[in-house]
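Visitor:
Numbering (the UniProt record's numbering), first residue to last: 1 to 170.
(1) What is the rounded straight-line gap between the Cα of residue 2 and the Cα of residue 163?
(2) Scan the UniProt domain "Nudix hydrolase" (29-154) and note each continuous alpha helix (DSSP H) run of 4 residues or more that stays entirely inside, going in chain order.
(3) Mind checking who residue 27 pairs with in its DSSP beta bridge?
(4) Measuring CB atoms only, is the stretch 129-140 touching the stretch 31-43, in the sense that at least three cross pairs come out at less than 8 Å?
(5) Is it buried or exposed, residue 110, if we count other Cβ atoms within 10 angstroms and call 16 or more buried?
(6) In angstroms, rounded to a whole number, what distance separates the CA positions of residue 28 and residue 117?
(7) Short check: CB of residue 80 to CB of residue 95, under 8 Å?
(8) Is residue 192 buried or exposed, if buried means 16 or more other CB atoms sit within 10 Å of its CB?
(9) Spatial neighbours of residue 151 within its chain, please: CB distance less than 6 Å, with the 5 preceding and 5 following residues excluded, ordered by chain position.
(10) I need the straight-line Cα distance from residue 119 to residue 85, nearest angstrom please.
(11) If we ignore side chains and look at the alpha-carbon of each, how far apart do residue 124 and residue 115 end up?
(12) Nearest to residue 5 by alpha carbon, out of 91, 153 and 65?
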């Protein structure tokens, strides 16, 4: 139905196990994306940004798409530095399909550690970049300050693992 370098919208003919058939719209993105929960000294690095698609301001983790031929790990490191001005080391946290009912898209979430300041954040990506104490994140979520689903999944997973294992991913 629509095709560009960023996405395609397809109308698929679906047959479910009981034999019923129907048409279903599917959004396909040709490249996976990444997100990074950058943690240092019990604080997480968040970006305050506006999303014109929803008309909402909110705090987000650094994230972006993998470029052609780029690994998810390399993209995560690149996107974090481009967006926040911090270079990090990363390790996998989770892989999610954020809209699995209508999209084939995959997002690889990493934990970023040992941040090193290399420059300023990109003002086109965020109005502000801030270290937020991890113990304040649940209040940010309750107040609706983190509307991004990928950020919510990433931070909730990180905090859950930190609470259940005592340290979170290293």
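All residues carry an ideal CB built from backbone N, CA and C; glycine is no exception.
Guide: Let me lay it out:
(1) 44 Å
(2) 72-84 and 137-142
(3) 9 and 103
(4) yes
(5) buried
(6) 35 Å
(7) Cβ distance not < 8 Å, so residue 80 and residue 95 don't count as in contact.
(8) The structure shown does not extend to residue 192, since the chain is modelled only from 1 through 170, so no value can be given for it.
(9) 60 and 61
(10) 5 Å
(11) 21 Å
(12) 65
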